[in-house]
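Following: one structure in structure tokens, then a few remarks.
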Amino acid sequence: MAAGGEADFAAVPVLPPDNSALVGRGASEGFQLTPAARKAQPSDLVALAEQVEKADEFVRANACNRLTVIAEQIRYLQEQARKVLEDAKRDADLHHVACNFVKKPGNIYYLYRRETGQRYFSLLSPKEWGASCPSEFLAAYKLQHDLSWTPSDEVEKRDAQLNVLEKLLDQQTILPPCNEPNFRGLTM
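In this text, residue positions in the sequence shown follow this note's numbering: the first is 504, and each later residue adds one.
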């Protein structure tokens with residue numbers, strides 16, 4: 504113990520971490536930031552070092568969290584890209600199926616397979632054919648206005664999505680010009 508009852512910390516060297524720095528004690532612009540009579544306690548240096556270490560941990564955690572979100576977005580986009588490619592392959596395949604009439608967007612077409620393996624589109628559903636259906640029914644598709652095909656079990660969902668988008672377009676043309684999109688009252 505030093506004189507006056509204070510502990511002598513001079514024997515304990517406390518160094519800041521390698522990547523941190525302390526502010527120099529020189530006078531700035533003619534005035535002193537800290538009175539010269541005040542001595543820094545070694546515990547102040549420890550607290551500063553702990554604060555820097557804690558800040559480093561938070562910065563790292565924040566970076567990891569943000570990178571995790573980006574990684575999830577990348578996985579989502581990869582899945583979307585895979586689906587787009589699968590849909591494009593299916594759509595191209597369906598456009599090359601045999602058909603004896605001009606296909607018009609907005610209609611449902613029924614895909615059949617003959618015993619020979621040839622696939623073809625018909626305007627008649629299996630229900631309309633009844634027992635006299637000459638071929639194996641494979642699936643039904645709606646030809647969309649963008650010439651993509653929607654499986655019949657997804658038509659209702661796709662039509663609802665398109666209706667929402669149509670509402671959005673209608674609202675945007677009614678509203679005065681604006682730099683930001685307006686999605687009020689629209690839900691999918």
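Where a beta carbon is used, it is the ideal one built from N, C-alpha and C, also for glycine.
Pick helix, strand or coil for Ala645, following the three-state DSSP scheme. Indexing the sequence shown from 1 puts residue 645 at position 142. According to the sequence as given, residue 645 is Lys; it is not Ala. DSSP places Lys645 within a strand segment (E or B) once states are collapsed to three.
Taking the Cβ atom as the reference point for each residue, do Tyr613 and Ala642 lie within a distance shorter than 9 Å? Here residue 613 refers to the residue found at position 110 of the sequence shown. Here residue 642 refers to the residue found at position 139 of the sequence shown. Result yes, Cβ atoms of Tyr613 and Ala642 sit closer than 9 Å.
What runs of the beta strand (DSSP E), each 3 residues or longer, lie entirely inside the region 597 to 656? Annotation: the region 597 to 656 contains the following complete segments of the beta strand (DSSP E) (minimum length 3 residues), in chain order: 611 to 616, 622 to 625, 639 to 646 and 652 to 654.
CA-to-CA distance, Phe561 to Asp590, given in whole angstroms: Start at 1 with the first residue of the sequence shown, and residue 590 comes out as number 87. Start at 1 with the first residue of the sequence shown, and residue 561 comes out as number 58. Between Asp590 and Phe561, the C-alpha separation is close to 43 Å.
Only counting the same chain, and skipping five residues up and downstream in sequence, which positions put a Cβ closer than 8 Å to that of Asp594? Indexing the sequence shown from 1 puts residue 594 at position 91. Answer for Asp594: Leu650, Ser651 and Trp652, listed in chain order.
Residue of Arg616, Thr619, Arg622 and Ile611 minimising C-alpha distance to Ser628: Against the sequence shown, residue 628 aligns to sequence position 125. Out of Arg616, Thr619, Arg622 and Ile611, Ile611 has the C-alpha closest to the C-alpha of Ser628.
Sequence-distant residues of its chain with Cβ nearer than 6 Å to Ala584 (five each side left out): For the purposes of this step, residue 584 is identified with residue 81 of the sequence shown, where counting begins at 1. Closer than 6 Å at the Cβ level, and outside the excluded window around Ala584, lies no residue.
Using the Cα positions of Pro637 and Arg617, report the straight-line distance between them to the nearest angstrom. Working through the sequence shown from its first residue, we reach residue 637 at position 134. Working through the sequence shown from its first residue, we reach residue 617 at position 114. Roughly 8 Å separates the two Cα atoms.
Measure from the alpha carbon of Gly609 to the alpha carbon of each residue in Gln554, Val555, Val587 and Gln647, then state which is nearest. Residue numbering aside, residue 609 sits at position 106 when the sequence shown is read from its first letter. The candidate whose alpha carbon is nearest that of Gly609 is Gln647.
In chain order, what residues of the same chain have a beta carbon less than 6 Å from the beta carbon of Val658, not counting five sequence neighbours either side? On the sequence shown, position 155 is the one that residue 658 refers to. If we look at Val658 and ignore the five residues flanking it on each side, its Cβ neighbours are Lys645.
How many Å lie between Lys586 and Asp656 at the Cα? As a position in the sequence shown, residue 586 is number 83, starting the count at 1. As a position in the sequence shown, residue 656 is number 153, starting the count at 1. Cα-Cα distance, rounded: 17 Å.
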